[in-house]
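> Protein chains in written order, with this note's numbering: chain A, 36 to 297; chain B, 36 to 297; chain C, 36 to 297.
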Amino acid sequence: MQPSELPGAIAAQTLLQLRQQAPLVHCLTNDVVQTITANMLLALGASPAMVLEPEEAAQFSAIADALLINIGTLCQQRAEAMLAAIAAARTADTPWVLDPVGVGALDYRSHFARRLLTLQPAAVRGNASEILALAGIVPAGRGVDSGDDSLQALPAARALAKDCGAVVAVTGAVDVITDGIRVWQVDDGHPLMTRVTGTGCALSAVVAACTALPGERLDNVAGACRLMARAGRLTAAWAAGPGSFSSGMLDELYRLCAEDVQ
Amino acid sequence: MQPSELPGAIAAQTLLQLRQQAPLVHCLTNDVVQTITANMLLALGASPAMVLEPEEAAQFSAIADALLINIGTLCQQRAEAMLAAIAAARTADTPWVLDPVGVGALDYRSHFARRLLTLQPAAVRGNASEILALAGIVPAGRGVDSGDDSLQALPAARALAKDCGAVVAVTGAVDVITDGIRVWQVDDGHPLMTRVTGTGCALSAVVAACTALPGERLDNVAGACRLMARAGRLTAAWAAGPGSFSSGMLDELYRLCAEDVQ
Amino acid sequence: MQPSELPGAIAAQTLLQLRQQAPLVHCLTNDVVQTITANMLLALGASPAMVLEPEEAAQFSAIADALLINIGTLCQQRAEAMLAAIAAARTADTPWVLDPVGVGALDYRSHFARRLLTLQPAAVRGNASEILALAGIVPAGRGVDSGDDSLQALPAARALAKDCGAVVAVTGAVDVITDGIRVWQVDDGHPLMTRVTGTGCALSAVVAACTALPGERLDNVAGACRLMARAGRLTAAWAAGPGSFSSGMLDELYRLCAEDVQ
Numbered sequence: 036m037q038p039s040e041l042p043g044a045i046a047a048q049t050l051l052q053l054r055q056q057a058p059l060v061h062c063l064t065n066d067v068v069q070t071i072t073a074n075m076l077l078a079l080g081a082s083p084a085m086v087l088e089p090e091e092a093a094q095f096s097a098i099a100d101a102l103l104i105n106i107g108t109l110c111q112q113r114a115e116a117m118l119a120a121i122a123a124a125r126t127a128d129t130p131w132v133l134d135p136v137g138v139g140a141l142d143y144r145s146h147f148a149r150r151l152l153t154l155q156p157a158a159v160r161g162n163a164s165e166i167l168a169l170a171g172i173v174p175a176g177r178g179v180d181s182g183d184d185s186l187q188a189l190p191a192a193r194a195l196a197k198d199c200g201a202v203v204a205v206t207g208a209v210d211v212i213t214d215g216i217r218v219w220q221v222d223d224g225h226p227l228m229t230r231v232t233g234t235g236c237a238l239s240a241v242v243a244a245c246t247a248l249p250g251e252r253l254d255n256v257a258g259a260c261r262l263m264a265r266a267g268r269l270t271a272a273w274a275a276g277p278g279s280f281s282s283g284m285l286d287e288l289y290r291l292c293a294e295d296v297q
Numbered sequence: 036m037q038p039s040e041l042p043g044a045i046a047a048q049t050l051l052q053l054r055q056q057a058p059l060v061h062c063l064t065n066d067v068v069q070t071i072t073a074n075m076l077l078a079l080g081a082s083p084a085m086v087l088e089p090e091e092a093a094q095f096s097a098i099a100d101a102l103l104i105n106i107g108t109l110c111q112q113r114a115e116a117m118l119a120a121i122a123a124a125r126t127a128d129t130p131w132v133l134d135p136v137g138v139g140a141l142d143y144r145s146h147f148a149r150r151l152l153t154l155q156p157a158a159v160r161g162n163a164s165e166i167l168a169l170a171g172i173v174p175a176g177r178g179v180d181s182g183d184d185s186l187q188a189l190p191a192a193r194a195l196a197k198d199c200g201a202v203v204a205v206t207g208a209v210d211v212i213t214d215g216i217r218v219w220q221v222d223d224g225h226p227l228m229t230r231v232t233g234t235g236c237a238l239s240a241v242v243a244a245c246t247a248l249p250g251e252r253l254d255n256v257a258g259a260c261r262l263m264a265r266a267g268r269l270t271a272a273w274a275a276g277p278g279s280f281s282s283g284m285l286d287e288l289y290r291l292c293a294e295d296v297q
Numbered sequence: 036m037q038p039s040e041l042p043g044a045i046a047a048q049t050l051l052q053l054r055q056q057a058p059l060v061h062c063l064t065n066d067v068v069q070t071i072t073a074n075m076l077l078a079l080g081a082s083p084a085m086v087l088e089p090e091e092a093a094q095f096s097a098i099a100d101a102l103l104i105n106i107g108t109l110c111q112q113r114a115e116a117m118l119a120a121i122a123a124a125r126t127a128d129t130p131w132v133l134d135p136v137g138v139g140a141l142d143y144r145s146h147f148a149r150r151l152l153t154l155q156p157a158a159v160r161g162n163a164s165e166i167l168a169l170a171g172i173v174p175a176g177r178g179v180d181s182g183d184d185s186l187q188a189l190p191a192a193r194a195l196a197k198d199c200g201a202v203v204a205v206t207g208a209v210d211v212i213t214d215g216i217r218v219w220q221v222d223d224g225h226p227l228m229t230r231v232t233g234t235g236c237a238l239s240a241v242v243a244a245c246t247a248l249p250g251e252r253l254d255n256v257a258g259a260c261r262l263m264a265r266a267g268r269l270t271a272a273w274a275a276g277p278g279s280f281s282s283g284m285l286d287e288l289y290r291l292c293a294e295d296v297q
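1. Report the partner residues of C/Arg160 according to the DSSP bridge assignment.
2. Pull up the DSSP beta-bridge partners for B/Ser82, would you.
3. Can you tell me where the beta strand (DSSP E) with B/Thr213 in it begins and where it stops?
4. Just checking my contact of A/Gly207 with A/Arg268 at CB under 8 Å: how many whole Å lie between their CB atoms?
5. Can you say whether B/Ser185 is buried or exposed, counting buried as having 16 or more other CB atoms within 10 angstroms of its CB?
6. Measure the Cβ-Cβ separation of A/Ser145 and A/Ala163 and say whether it is below 8 Å.
7. Taking only beta-carbon positions, decide if A/Asp184 is within less than 8 Å of chain C.
8. I'd like to check one pair, A/Ile172 with A/Leu195: are the Cβ atoms closer than 8 Å?
9. Relative to the C-alpha of C/Thr234, which candidate in C/Ala243, C/Asp100 and C/Ser281 has its C-alpha closest?
10. What did DSSP end up calling A/Asp222 once you bin it into helix, strand or coil?
11. Assign B/Asn105 to one of three DSSP states: helix, strand, or coil.
12. May I ask you to report which of helix, strand or coil DSSP gives A/Asp142?
13. Tell me the residue span of the beta strand (DSSP E) that contains A/Asp134.
14. Do the stretch 238 to 254 of chain A and the stretch 60 to 67 of chain A make contact, defined as three or more Cβ pairs closer than 8 Å?
15. Thinking C-alpha only, which one of C/Gln48, C/Arg125 and C/Ser39 is nearest C/Pro249?
16. Please list, in chain order, all residues of the same chain as C/Arg54 whose beta carbon is under 8 Å from its beta carbon, the five residues on each side excluded.
17. Just tell me which of B/Thr229, B/Val60, B/Trp273 and B/Arg217 has its CA closest to the CA of B/Asp254.
18. Taking the straight line between their C-alpha atoms, what separation do you get for C/Ile121 and C/Glu115?
19. Can you check which of these residues, A/Ser82, A/Val68 and A/Thr70, is closest to A/Cys245 by C-alpha distance?
20. Let's test the definition: count the other Cβ atoms within 10 Å of the Cβ of A/Gln297 and tell me whether it reaches 16, buried, or not, exposed.
21. Pair every Cβ in the stretch 147 to 154 of chain B with every Cβ in the stretch 100 to 110 of chain B, then say whether three or more of these pairs are closer than 8 Å.
22. Name the chain A residues whose beta carbon is nearer than 9 Å to that of C/Gly283?
23. Counting only the same chain and skipping the five closest in sequence on each side, list residues whose C-beta sits under 6 Å from that of C/Leu291.
24. From the DSSP output, read off the bridge partner residues of A/Glu40.
25. Taking B/Leu77 and C/Val231 to be in contact with their CB atoms under 8 Å, please state how far apart those CB atoms are, rounded to whole angstroms.
26. Looking at the C-beta of B/Arg290, does it have a partner C-beta in chain C at a distance below 8 Å?
27. Is there a C-beta anywhere in chain C that falls below 8 Å from the one on B/Leu141?
28. What is the rounded straight-line gap between the Cα of B/Tyr143 and the Cα of C/Ser279?
29. If we define contact as Cβ-Cβ less than 8 Å, is C/Pro42 a contact residue for chain B?
30. Excluding sequence positions up to five away, which residues of its chain have a Cβ less than 8 Å from the Cβ of B/Tyr289?
31. Count the other CB atoms, across all protein chains shown, that sit within 10 Å of the CB of B/Ala44; report buried if there are 16 or more and exposed otherwise.
32. Along chain E, in chain order, which residues have C-beta atoms closer than 7 Å to that of B/Arg144?
33. Hey, out of C/Glu251, C/Leu285 and C/Ala275, whose CA is closest to C/Ala264's CA?
34. Quick one: which chain C residues come within Cβ less than 8 Å of B/Thr70?
35. Can B/Val138 and B/Arg160 be called in contact, C-beta distance under 8 Å?
36. Just reading off the alpha helix (DSSP H) that A/Pro277 is part of, what are its end residues?
Structure follows, in structure tokens:
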């Protein structure tokens, strides 16, 4: 069965709710992408914060509307803060999202990510290699960029979603988003997004923001993918290269309206 | 008593001195804003450096012209480096500035910030919620963005300035700057500044640079607020959104001249 | 003997090989410049990754095509990861590059950098003050910006290259690149590059990428200097200030073609 393209009306609804609710997103993310992550959330109307000391990370997760866990530059201290934040988030019913950067190629983070999967993430967002690796399939990638195709990873994504009860988003040239049963597809991105560091990581932060919204979680996560892909395509239509793309995509996210995504 | 608007001639004087002296600013700041902080200092003609290992942080504070302490992503190792740097700065008569990001909402940093207040900062720069919290008034904010009004926080800012001997700047839609007796007001910012991460944190770094200048410290700190607010307003006049604003504000700071701020 | 200007054909060859091979560069770099480092590598067609936990850093260095060690925000944990990564790189014959940020002015990093020199770097890229300090000559700089002239540092660079078997690049208004015997010069940069944080650090990452290319290492390292200087000059021709320069240089690197550098 081919997945269906996400209806624009759903993404429009996600956008409106995001602007109205302005969710406060606690981001425990990698060192390379902190700025673009914060700026993309701000551009869309959400509110980012990064709180790293374990004691505070736990206190803040209980206040925040959503928690992002991105293991791109994982180290022991950060891992400790992540576990404290997730525990507090679960107690407070704050949804949390996993971005399993580089899982499969590297052992330390792979073990850590598998442990996190037992802690009931609301959503998981990765590229095809990462989702295949999380599902226990031998990875093809060397680094953080996926050599695999999102649609090929759909069976693994479905299995992962059923196993851990999360919405799983596999992103790439095409995005597929599944809760294990239903599947949405978003086909709207642009290759320039792969020449700017942090677009995938920032998408995971937007996914986290959208898990805090009311309504169907599958729809909201797919909506997040569509908003980012659409802003990327609008920017690529005029950007001269990755520098103007990176800056321009913030402008497009800021101006994005319901009509743009329908 | 209403505070008086800072005369443009004072801000122009601050700008000229900043360009002539090119102060070397040691920034112990949060992980999200390091790049924009360094770039805003460079654009204005100052010289930033970030030195993190406690032993080196102390050695460097004695060489630098000013020290910035921003507790946005405080952790134990960074706290240790901050204390070593402040101790060395005080011995060397290097002025140091506190940016109490998120104080009030989170206990670990609130305790740490109160400890820092006993170490004679030259200036404190925060939003209304943070200044109210430092002054012992129950905070209204959940995160790093202030729900309170700068002018409402003026009595707290005056009390704080008197208590710790620092110039206190409360920034927001309007900025108020006080040494506990005199008060300047700067009314020149733009809401787009709140949609870019790090503009407030970078302002604190510019405040630190300006505490190294000769003349009245109150005037120089208020001058720093005016320079940044003015560059922000000039940029907002043409920026298409937060991406072009962030990049454009660096250009405006670089081109800013005495006439612009008068 | 005056060094000869690098022939454009060599830089063009470096560019073509860089795009074809797309080397995967493991960057252990300073906190301030991680984003611009990743983005400049991506713009040129290389593939960056930052892996920090010592165990993983070692595992990843064996997979990567080159390793960058930048000591700008050195701390004990990072130093440990760097040593593990270098050891694994040497075992796997992965070339590694040293950027000795701030060496000379600060003791902790100076001792560490001298220790690293015994571990056979493929290349060292610094400003004149840093190269003079590494060669044991008393430094003139206070911070990370060099007060010395690249050509004055050439004898020190030659001696350093012979001592540690690395290609040494001294960059500034003019760049000189030597393997201890031959010397290339690149005279193509622009002062605006000194008003944007991380251009030198990102150059070191591009140098690392180019040590993974086939052919003469001296030529490839000098080629890296020329590519970055050329993109900088092309950008400075139209940039309005450091903000548009920073973003624009990514666009120019992305569009750079063999004709541009010849």
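Where is the CB? At the ideal position from N, CA and C, for every residue including glycine.
Taking the structure as given:
1. C/Ala204.
2. According to DSSP, B/Ser82 bridges with B/Leu59.
3. Counting along the chain, the unbroken beta strand (DSSP E) around B/Thr213 starts and ends at Asp210 to Thr213.
4. The beta carbons of A/Gly207 and A/Arg268 sit about 15 Å from each other, so the pair does not count as a contact at 8 Å.
5. Only buried fits B/Ser185, as 16 or more other CB atoms lie within 10 angstroms of its CB.
6. Taking 8 Å as the Cβ cut-off, A/Ser145 and A/Ala163 do not qualify as a contacting pair.
7. For A/Asp184, the answer is no, since every Cβ of chain C falls outside 8 Å of its Cβ.
8. No, they are not a contact pair.
9. For C/Thr234, the closest alpha carbon among the candidates C/Ala243, C/Asp100 and C/Ser281 is that of C/Ser281.
10. It is coil, neither helix nor strand.
11. It is a strand residue.
12. Secondary structure of A/Asp142 (DSSP, three-state): helix.
13. From DSSP, the beta strand (DSSP E) with A/Asp134 extends over Trp131 to Asp134.
14. Because the criterion of three Cβ pairs below 8 Å is met, the stretch 238 to 254 of chain A and the stretch 60 to 67 of chain A touch.
15. The residue among C/Gln48, C/Arg125 and C/Ser39 with its C-alpha nearest the C-alpha of C/Pro249 is C/Gln48.
16. Excluding positions up to five away in sequence, the list reads Leu79 and Gly80.
17. That would be B/Arg217, whose Cα lies nearest to the Cα of B/Asp254.
18. Near 10 Å, if we compare the C-alpha coordinates of C/Glu115 and C/Ile121.
19. Measuring C-alpha to C-alpha distances from A/Cys245 to each of A/Ser82, A/Val68 and A/Thr70 identifies A/Ser82 as the nearest.
20. Exposed is the call here.
21. Result yes; three or more Cβ-Cβ pairs closer than 8 Å.
22. Within chain A, the residues placing a beta-carbon under 9 Å from that of C/Gly283 are Ala275, Gly276, Gly278 and Ser279, ordered along the chain.
23. Taken in chain order, the residues that qualify are Ala266.
24. In the DSSP output, where bridge partners are listed per residue, A/Glu40 has A/Gln220.
25. The pair is a contact, with the Cβ atoms about 7 Å apart (cut-off 8 Å).
26. Taking a beta-carbon distance threshold of 8 Å, B/Arg290 counts as an interface residue toward chain C.
27. The beta carbon of B/Leu141 sits no closer than 8 Å to any beta carbon of chain C.
28. For B/Tyr143 and C/Ser279, the distance between alpha carbons rounds to 39 Å.
29. With 8 Å as the cut-off, C/Pro42 does not count as an interface residue toward chain B.
30. Non-local C-beta neighbours of B/Tyr289 in its own chain, meaning closer than 8 Å and more than five positions away in sequence, comprise Ala78 and Leu79, ordered along the chain.
31. It is exposed - the Cβ of B/Ala44 has fewer than 16 other Cβ atoms within 10 Å.
32. Among the protein chains of the structure shown, namely A, B and C, there is no chain E.
33. Among C/Glu251, C/Leu285 and C/Ala275, the Cα nearest to that of C/Ala264 is on C/Leu285.
34. What B/Thr70 touches in chain C: Val67, Val68, Thr70, Ile71, Thr232 and Gly233.
35. No; because the gap between Cβ atoms is not below 8 Å, this pair is not in contact.
36. For A/Pro277, the enclosing alpha helix (DSSP H) has its first and last residue at Pro277 to Arg290.
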